[in-house]
Amino acid sequence: MTNKTAKFRFQRSPNVTTVPVTGLWCYPSAEGRILCDFYHERARPTLTVTHKINDDHSLGQETAREIGPEVLRDIVASAEMSPQAAYFIGQYLMKMAQDCGYVEPGATVPDARAVH
């Protein structure tokens, strides 16, 4: 390793908007990059109505009506990155989650009273 350093200055673009996300869906591109769609998930009751289509392409008789819960995943942002960037971003996010107190399900947490 060298003694050289590099400084990075972060500047927020005026086009940046902070949005709440509850998950993401990622998939590989044909070029070998990772595409990620960040979404905000919410449940809502829905009504679905099915109609026949008449021969003249007009809306025909109602044939079915279904009422039930639906989960919507509104895509609020997308990102494209290299596999290496995706890996390091994932590592960084896991560290941030742990620093904020997140404990993986099934992980044991040492009892602070047992520490002398």
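For the sequence shown, the residue numbers in my numbering are 11 to 126. Glycine is no exception: its CB is placed at the ideal position from the N, C-alpha and C atoms. Source: prediction; values computed, not measured.
Query	Result
Sequence-distant residues of the same chain with beta carbon closer than 6 Å to E90, five excluded per side	R43, L45
I94 to E41 span [Cα, whole Å]	One point to set straight first is that residue 94 is Gln, not Ile, in the sequence displayed. Their Cα atoms are separated by approximately 14 Å.
Check whether I77 and L57 have beta carbons under 9 Å apart	yes
The region 25-32 in contact with the region 45-55 per 3-pair CB rule at 8 Å	yes
Distance CB(P55)-CB(E72) smaller than 9 Å	no
Beta strand (DSSP E) segments (min. 3 residues) lying fully within the region 18-69	33-38, 44-63
Spatially closest choice to N25 from F18, I63, A87, A74, by CA coordinates	A87
Residue(s) in a DSSP beta bridge with V81	A53
Nearest residue (CA-CA) to R75, options E114, R22, T60	T60
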